[in-house]
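Data first, discussion second: the structure below is written as structure tokens.
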Amino acid sequence: GAVVSQHPSWVICKSGTSVKIECRSLDFQATTMFWYRQFPKQSLMLMATSNEGSKATYEQGVEKDKFLINHASLTLSTLTVTSAHPEDSSFYICSARVPTGYNEQFFGPGTRLTVL
Amino acid sequence: AQSVTQPDIHITVSEGASLELRCNYSYGATPYLFWYVQSPGQGLQLLLKYFSGDTLVQGIKGFEAEFKRSQSSFNLRKPSVHWSDAAEYFCAVASPLGGYQKVTFGTGTKLQVIP
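First to last, the protein sequences are chains L and E.
Taking my numbering, the leading residue of the first sequence gets 1, the next gets one more, and so forth.
Taking my numbering, the leading residue of the second sequence gets 1001, the next gets one more, and so forth.
Printed below as a string of structure tokens:
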């Protein structure tokens, strides 16, 4: 099956610094990837849709200058949390869409971000 | 408004008992339907999915789900629960609007299994 990886799996950073999270499709090319955020004991909320070679589409209420998304290749999308603050601490999960058949998405294992 | 609802926030069952987790959706046309499981601090694991065809879907770990169009439901079932099934379960839908690209998750049901 399609495999999606994320790196790092967890990161701790100081308030005010920026953190980059990578999402890779390992055995398929993904023109579209998605970024989700999950607060403790809550569900996953879609943050943005990342399209290869074009600007990401952000969901309402998500600050695009805060959460920079780059989808520079067909196998890699990155999410950069800029000037991170403690309220950005969360579990970030990416998914990649297989561009055939039912457009199924495969999810990465997630990245736990803790901002001190 | 389009939505996916998991009415049970928390369910407790005895090991060996049967399980049913409820999921209802509100979409004009039939969406794609999924069930995921998430253990604490872990990512999502796909249990099963429904795109079309047979309305009874078999998944991994002995789970199954039945799509009922008339009830707009996709309930997850397991005949005999094991202690290792304790986790959070999410129902998710991919809306036909926009080509099934966006996946919306329910609020989740936390399953506790008691000996």
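Just so you know, even glycine gets a beta-carbon here, dropped at the ideal spot from N, CA and C.
Integer-rounded CB distance, given that residue j should sit under 8 Å from residue i
i       : j       : result
E:L1021 : E:V1013 : No, E:L1021 and E:V1013 are not in contact; Cβ-Cβ is about 10 Å, not under 8 Å.
L:L76   : L:R24   : 5 Å
E:G1106 : E:V1004 : 5 Å
E:A1092 : E:F1034 : 4 Å
Residue-level contact to chain E via CB, residue i, 9 Å cutoff
i      : result
L:N103 : yes
L:R24  : no
L:G110 : yes
L:F39  : no
L:T32  : yes
L:L46  : yes
L:S95  : yes
L:F67  : no
L:F107 : yes
L:T49  : yes
Three-state secondary structure (DSSP) of residue i
i       : result
L:S50   : strand
E:I1060 : helix
L:Q42   : coil
L:S89   : coil
E:Q1071 : helix
E:S1014 : strand
E:P1052 : Inspection of the sequence shows that residue 1052 of chain E is occupied by Ser rather than by Pro. E:S1052: coil per DSSP, three-state reduction.
L:S25   : strand
L:S15   : coil
E:S1080 : coil
First through last residue of the beta strand (DSSP E) which encompasses residue i
i       : result
L:L74   : Counting along the chain, L:L74 falls outside any beta strand (DSSP E), and DSSP gives it neither H nor E.
L:V98   : Counting along the chain, L:V98 falls outside any beta strand (DSSP E), and DSSP gives it neither H nor E.
L:V3    : Segment: none, L:V3 is in no beta strand (DSSP E) and carries neither H nor E.
E:K1110 : 1109 to 1114
Short CB-CB distance (under 9 Å) between residue i and chain L
i       : result
E:F1067 : no
E:F1090 : yes
E:L1111 : no
E:F1105 : yes
E:L1033 : no
Stretch-stretch touch, CB-based, cutoff 8 Å, three pairs: the region 1024 to 1032 of chain E with the region 1064 to 1081 of chain E = Result yes; three or more Cβ-Cβ pairs closer than 8 Å.
Report yes or no: do the region 97 to 110 of chain L and the region 1029 to 1043 of chain E share at least 3 C-beta pairs separated by less than 8 Å?
-> yes
At a cut of 8 Å, does the region 1075 to 1082 of chain E reach the region 88 to 95 of chain L through at least three beta carbon pairs?
-> no
May I ask you to verify whether the region 8 to 27 of chain L touches the region 83 to 90 of chain L, counting CB pairs closer than 8 Å and requiring at least 3?
-> yes
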